[in-house]
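Student: Below is the structure I would like to discuss, written out as structure tokens.
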Amino acid sequence: VALFFPDGDEVGRMASAYFQSLLKSQPSKFTVSNFDADLNPQQAQEFKARGNGAVILKRDEQLKPIQLGTTLDRARPQLKKFDGDILAAVNDLSRERRQAYYTVGHGERNERNRDNPEADSGVSALETQLRGRGYTLKPLGLAQGLGSTVPDDAALVLIAGPAEPFSKAEGQALKTYLDRGGKVLMLLGPQPAGGTPRRG
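Each number in our numbering comes from the position in the sequence shown (counting from 1) with 3 added on.
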């Protein structure tokens, strides 16, 4: 748990006291850290805090922010349902993690986004949503074994608008994965110049 409040903030003290009381009964279940978003930009970036007045629960790559604000008048409505919000966030974070893979090596949108972050095609937002729903993301291409099989732990394979064709072996691996009940999410757009990507 990360608390982002200015030093001495009344709302921050109330949030800190809440978690300190929980720590007494569950001392090894979680940790609590206090930060000022303005004075601790590295931690604010790590927890994706948009500023002070936030309580953020984090497990691995999953983040559950709860905005309280830094004035008691603003925070009062949120504090009334704070316990329920915390319980809901903990339940979400406690769900079993699922493994998703995104294909690489074919000029997929997610690869193009990383080369040119300003050319956002929506894939980054999708990846964020998948992480928020309990998925861990890993790349999957020839170097990761796609030429022979899709990993057994794959709950989902994301194919984000490839610009180049898949090899016959990759296509067969994806077909075998689908035949055994696997799930593939394909993001398709206008056909690239020079031909249509080969389908498995």
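Glycine residues also receive a C-beta, built at the ideal position from the N, C-alpha and C atoms. This one's a predicted model, so the numbers in the text were calculated from it and none came from an experiment.
Looking only at DSSP bridge pairs, what is Val187 linked to?
Tutor: Val160.
Student: Quick one, are the C-beta atoms of Thr179 and Gly144 less than 9 Å apart?
Tutor: Against a cut-off of 9 Å, the Cβ pair of Gly144 and Thr179 comes out as no contact.
Student: Please state whether the Cβ-Cβ distance between Leu140 and Ala103 is less than 9 Å.
Tutor: Taking 9 Å as the Cβ cut-off, Leu140 and Ala103 qualify as a contacting pair.
Student: Going by DSSP in three states, Ser36 sits in which element: helix, strand or coil?
Tutor: Ser36 falls in the strand class under three-state DSSP.
Student: In chain order, what residues of the same chain lie with their CB nearer than 6 Å to the CB of Val35, ignoring the 5 residues before and after it?
Tutor: The answer, listed in chain order, is Val4 and Phe22.
Student: If we call anything under 9 Å between Cβ atoms a contact, is Gln65 one with Asp95?
Tutor: In contact: Gln65 and Asp95 (Cβ atoms closer than 9 Å).
Student: What does the Cβ neighbour count give for Glu99, buried or exposed, with the cut at 16 atoms within 10 Å?
Tutor: Result: exposed.
Student: Name, in chain order, the residues that DSSP records as bridge partners for Lys67.
Tutor: In the DSSP output, where bridge partners are listed per residue, Lys67 has Leu60.
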